[in-house]
Each structure stands twice: as structure tokens, then as C-alpha cells.
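Novice: Chains as they are written, first to last, in our numbering: chain A, 23 to 227; chain B, 23 to 227.
Protein chains: 2
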Amino acid sequence: MGRWEPNARGRLEKAALELYGERGFEQTTVAEIAKRAGLTERTFFRHFADKREVLFGGSVHLEDLVVRTVIEASDPTAPIDAVAAALEAGGAVLIHERARKRHAVIVTNAELRERELIKLASLASALADALRRRGVADLAAQLTAEAGIAAFKVAFEHWVSDTEEKDLSHLIRESFDELKAVTAGNSHSMSMTPPHRSPEGSPRR
Amino acid sequence: MGRWEPNARGRLEKAALELYGERGFEQTTVAEIAKRAGLTERTFFRHFADKREVLFGGSVHLEDLVVRTVIEASDPTAPIDAVAAALEAGGAVLIHERARKRHAVIVTNAELRERELIKLASLASALADALRRRGVADLAAQLTAEAGIAAFKVAFEHWVSDTEEKDLSHLIRESFDELKAVTAGNSHSMSMTPPHRSPEGSPRR
DNA sequence: GACACGATGTCAGTGGCTGTCATCAGCATA
DNA sequence: TATGCTGATGACAGCCACTGACATCGTGTC
Numbered sequence: 023m024g025r026w027e028p029n030a031r032g033r034l035e036k037a038a039l040e041l042y043g044e045r046g047f048e049q050t051t052v053a054e055i056a057k058r059a060g061l062t063e064r065t066f067f068r069h070f071a072d073k074r075e076v077l078f079g080g081s082v083h084l085e086d087l088v089v090r091t092v093i094e095a096s097d098p099t100a101p102i103d104a105v106a107a108a109l110e111a112g113g114a115v116l117i118h119e120r121a122r123k124r125h126a127v128i129v130t131n132a133e134l135r136e137r138e139l140i141k142l143a144s145l146a147s148a149l150a151d152a153l154r155r156r157g158v159a160d161l162a163a164q165l166t167a168e169a170g171i172a173a174f175k176v177a178f179e180h181w182v183s184d185t186e187e188k189d190l191s192h193l194i195r196e197s198f199d200e201l202k203a204v205t206a207g208n209s210h211s212m213s214m215t216p217p218h219r220s221p222e223g224s225p226r227r
Numbered sequence: 023m024g025r026w027e028p029n030a031r032g033r034l035e036k037a038a039l040e041l042y043g044e045r046g047f048e049q050t051t052v053a054e055i056a057k058r059a060g061l062t063e064r065t066f067f068r069h070f071a072d073k074r075e076v077l078f079g080g081s082v083h084l085e086d087l088v089v090r091t092v093i094e095a096s097d098p099t100a101p102i103d104a105v106a107a108a109l110e111a112g113g114a115v116l117i118h119e120r121a122r123k124r125h126a127v128i129v130t131n132a133e134l135r136e137r138e139l140i141k142l143a144s145l146a147s148a149l150a151d152a153l154r155r156r157g158v159a160d161l162a163a164q165l166t167a168e169a170g171i172a173a174f175k176v177a178f179e180h181w182v183s184d185t186e187e188k189d190l191s192h193l194i195r196e197s198f199d200e201l202k203a204v205t206a207g208n209s210h211s212m213s214m215t216p217p218h219r220s221p222e223g224s225p226r227r
């Protein structure tokens, strides 16, 4: 077979996730990741554009799946529901255990959060494109996509923040329902006397 | 007064925006920015956390304004409308000319887009906090904030992409109206036969 | 056997960013 | 007036992310 151990990329991903988890993202050097994977720093950068990207290998695959699901949605579906269904399909391929580990690393570092956000923005943009191709007007397509991503984001964060694995599909549906309620103005008006608020050490500012 | 020229920070911001515009973000070194501002590289990093942050000095001020507006909203306002009004108030302090120049730089570079996204995410998070403090339930607060930011983002992008200055307030209101329509499923169902689509070289994939 | 190919290694260099110490005007205080 | 403190800046050394250029070496092909 090959002259080298196979699956260099996979080994780098594994080593990186481990090291980021063990000592933190900033405290890990690319050279260390490469060494644990039995490779050199230079090779790391041949597989990944930068030190962060090694955590986001699956995002292309996910985006593909979600976009395809929208494109193949049955005809008389409302755009927002097509987006919800597509994101549910995307969520279905995620593995709770792995997603939790990965997310635990990401939330500890601002640069990694930035990268996550731009991946979601890219997904929103691709979704909007798909909707436009289905004949949805430009502004509506953008807003449906962006609002859909917002709902997904909220659901996903609840999913990975919990040790016990709830059903992500269910969380996504709840999130979209709440989104609809909230934008309809159906949510109760705000009151000046918040219900559950004790004055134990008021937040500064 | 001081021993040095006053307003070092402002001079750095000005020099950076100019240079990023002239030769691009990546082609500009921090040393060059500092030199144009009559300072040293080390001083740049005392004023800004990194090379990107110099473009985002106003974001704290903006976030403050928006959050305060939500907190001070009159009692019987629906949360989504309070958020819309607050973002309109925030948008009102932006200067079209300057926002356009800044945005033109940001869209050319992925790292800068990442930074912009995390600032918006921070704003969403602060908005959600403000809503919770006003007694809005947790999930509703998150979704209202995130969806509101989505609407703002779309409106803002339209505003800065146009040479002629439309009214940002107006664009924001339109965006929120469209958001409400779209999440209500009021938008027309998707059709398999898109209205305006000529087959001139189908996009790959 | 010559040769192209593709994945990796080696090495030198750039630039973002940090820690540390020095410098120096203004200000307070003895 | 001398002394000392403070706060903004400069000077310098160093780490590490990332890149370009070239070398190496199995594998498959002609």
C-alpha cells in the first residue's frame, strides 16, 4: 500500500482534539499535534488551512447535506419549514458524544467561536442560495435562512450543553416553534417586574 | 498637555482604515500602521488586542446603546418590537460614509468577517440578557435576540452595499416585517419552477 | 531502467503578538 | 527644590503560526 501510515488527516484531527481538550487550544502548538500524529508541522498545514480548521472538517459535508435537503424538499412546503426540516436532517448525522467534546473545546476560545460562527454564516448563505433557486424572493430567502440558523444554533447549544442526550430533532422543532411564536409577537409583553429575580448582588453596570 | 501627540488610539484607527483600504488587510503590517500614526508596533498592541480589533472600536458603545434601549422600552411592548426599536436606535448613530468604507474592507477578508460575526453574536447575547432581565423566558429571549440580529444584519448589509444612502431605519423595519412574514409561513410556498432563472451556464454542483 | 507523480520532510524566513525593562513628562509631596 | 510615583511610550528579545522553495522517496507507467 502506501509508503506512509494511512489517514494522515484523520490522525491529525484526532490528535488535535485530544490535545486541545487536554491542555487547551492556545497551550497547544501545531508542532505538538503533528508529532502526536507522527507527522511534521509542515504536513499539518498541507491538510488544514490553519490551527483552527482541524476542528471543522465535517462542516462541508454538513452544509452539502442541508442544502441538498432543501433543494429536494417537496413542492408545496413553506420555506421556513423546508429549512427546519433540512437542519433537522443535518442534525441527525451528528454524534452527541463527539459534538459535546468538540463544543467543550470551542466555547473556551474566542478564535474557535469565531470560526464556528463563520461556518454557520456560510451555511446560512448556502441555504439562502438554495431557497432562491427554489424561487423564493431574495429578501425572504436571506431572512428565512438567517432566522433558521438562529433557531438551529439555539437548539444545538441546548443539546450539547446537556450531559443527558435529548433528541436534537425535537429540540430543533421546539426552537422553530418558539421562533414562530416570538416573531408573531405572541410572546407575552415585557413587564417591568420580572418574575424570578432576587437582588442577591446586583450585576455591575 | 501630554508629552506625546494626543489621541494615539484615534490616529491608529485612522491609519489602519486607510492602509487596509489602500493595500488590503493582509498586505498591511502592524508596523506600517504604527509608523503612519507616529508610534511603534508595541504601542499598537497596547491599544488593540490584535490587528483586526482596530476596526471594531465602536462596537462596545453600540452594544451599550442597544441594550439600554431595550431595558428602557415602555412596558407593554412585545419583545421582538423592543429589539427592533433598539437596533433601529443603534443604527441611527452609524454614519453611512464611514460604515461603507469599513464594510468594504471587512468583506474582503475572512478573518475580519469572523470578527464582525462575533461582535454581532456578542450583541445578541447582550440583548438576550436584557430581555431576560425584563422577564422574558429564557428560550424566547435567546430566539428573539438571535432573530432580531439576523434581521438587523440583513438590513445593514443592504444599507452598506448601496452607494445611495437609503434610510437604515426604514430598511430595518422592512427587514423585521419580512422576518415576521417569513416565520409565519406567509411567504409563498416554494415552487419547482423558479420564476426568473435562465439556464446560462448552470452553476457547478 | 527512466521517469513522472504524490505525499511527506527540511529549512529558512515573515509577521503577529507578548514579556520585560528602560525612558521620561507631569504631578504630588516632603 | 529634591524626591518619588504614575502612565504612556520605546527598545529588544523571543515564541509560534504560517509560507515558499527544494529535497526525498515509494509507486506505478512506459
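Think of the CB as a built atom: it goes at the ideal place given N, C-alpha and C, for glycine as much as any other residue. Computed from a predicted structure; not experimentally measured.
What did DSSP end up calling glutamate 48 of chain A once you bin it into helix, strand or coil?
Specialist: Coil, per DSSP.
Novice: Once the 5 residues before and after aspartate 160 of chain B are set aside, which same chain residues still bring their CB inside 8 Å of it?
Specialist: Here the set comprises Arg154.
Novice: To which residues of the same chain is arginine 38 of chain B closer than 6 Å at the C-beta, ignoring the five residues directly before and after it?
Specialist: Looking at the sequence provided, one finds alanine at residue 38 of chain B rather than arginine. Closer than 6 Å at Cβ, skipping near neighbours: Ile55, Val76.
Novice: Restricting to runs no shorter than 3 residues, where is the beta strand (DSSP E) found entirely within the stretch 41-113 of chain A?
Specialist: Counting only runs of 3 or more, we get nothing.
Novice: Can you list the residues of chain B that valine 204 of chain A reaches, using a CB-CB cut of under 8 Å?
Specialist: Pro101, Ile102, Ala162, Leu165, Thr166, Ala169, listed in chain order.
Novice: For serine 197 of chain A and chain B, any beta-carbon pair shorter than 8 Å?
Specialist: So yes, serine 197 of chain A belongs to the interface.
Novice: Helix, strand or coil for glutamate 187 of chain A per DSSP?
Specialist: Residue state, collapsed to three classes: coil.
Novice: Which residues, in chain order, does the stretch 126-139 of chain A contribute to contact with chain B at a C-beta distance below 9 Å?
Specialist: For the stretch 126-139 of chain A, which is checked against every Cβ of chain B, the residues closer than 9 Å are Ala132, Glu133, Arg135, Glu136, Arg137, Leu139.
Novice: In its own chain, which residues sit with a C-beta less than 6 Å from the C-beta of leucine 87 of chain A, not counting the 5 before and 5 after it?
Specialist: Result list for leucine 87 of chain A: Gly112, in chain order.
Novice: Report yes or no: is there a C-beta of chain B within less than 8 Å of the C-beta of glycine 207 of chain A?
Specialist: Chain B contact via Cβ: present.
Novice: Do alanine 177 of chain B and serine 197 of chain B have their CB atoms nearer than 8 Å?
Specialist: Yes, the Cβ-Cβ distance between alanine 177 of chain B and serine 197 of chain B is below 8 Å.
Novice: Whose Cβ in chain A lies nearer than 8 Å to the Cβ of alanine 95 of chain B?
Specialist: Correct list: Met212.
Novice: Let me confirm a value: alanine 152 of chain B is counted as buried when at least 16 other C-beta atoms fall within 10 Å, else exposed. Which label applies?
Specialist: Looking at its Cβ environment, which holds 16 or more other Cβ atoms inside 10 Å, alanine 152 of chain B is buried.
Novice: Threonine 51 of chain B and tyrosine 42 of chain B: beta carbons closer than 8 Å?
Specialist: Contact flag unset, no.
Novice: Quick one: what does DSSP say leucine 39 of chain B is sitting in, helix, strand or coil?
Specialist: Of the three classes helix, strand and coil, the one that applies to leucine 39 of chain B here is helix, per DSSP.
Novice: Suppose you measure from the CA of glutamate 110 of chain A to the CA of leucine 34 of chain B; what does that come to, to the nearest Å?
Specialist: The alpha-carbon atoms of glutamate 110 of chain A and leucine 34 of chain B are separated by roughly 46 Å.
Novice: Considering only residues of the same chain and omitting the five flanking positions on each side of histidine 218 of chain B, which have a CB-CB separation below 8 Å?
Specialist: The pLDDT assigned to histidine 218 of chain B is 47, lower than 50, so where the model puts this residue is not dependable; a value taken from the coordinates is nonetheless given after this. Around histidine 218 of chain B: no qualifying Cβ.
Novice: Return the first residue and the last residue of the alpha helix (DSSP H) that arginine 135 of chain A is part of.
Specialist: It spans 132-155 - the alpha helix (DSSP H) in which arginine 135 of chain A sits, taken as one unbroken run.
Novice: Apart from the five residues just before and just after alanine 95 of chain A, which ones in its own chain have a Cβ nearer than 6 Å to its Cβ?
Specialist: Answer for alanine 95 of chain A: Ala104, listed in chain order.
Novice: Which of the three DSSP states, helix, strand or coil, is assigned to asparagine 29 of chain A?
Specialist: If DSSP states are grouped into helix, strand and coil, asparagine 29 of chain A belongs with coil.
Novice: How many Å lie between alanine 106 of chain A and glutamate 133 of chain A at the Cα?
Specialist: Roughly 28 Å separates the two Cα atoms.
Novice: So arginine 156 of chain A and methionine 212 of chain B are in contact, right, with Cβ under 8 Å, and what is the actual spacing, rounded?
Specialist: About 4 Å separates the two Cβ atoms, so the contact holds.
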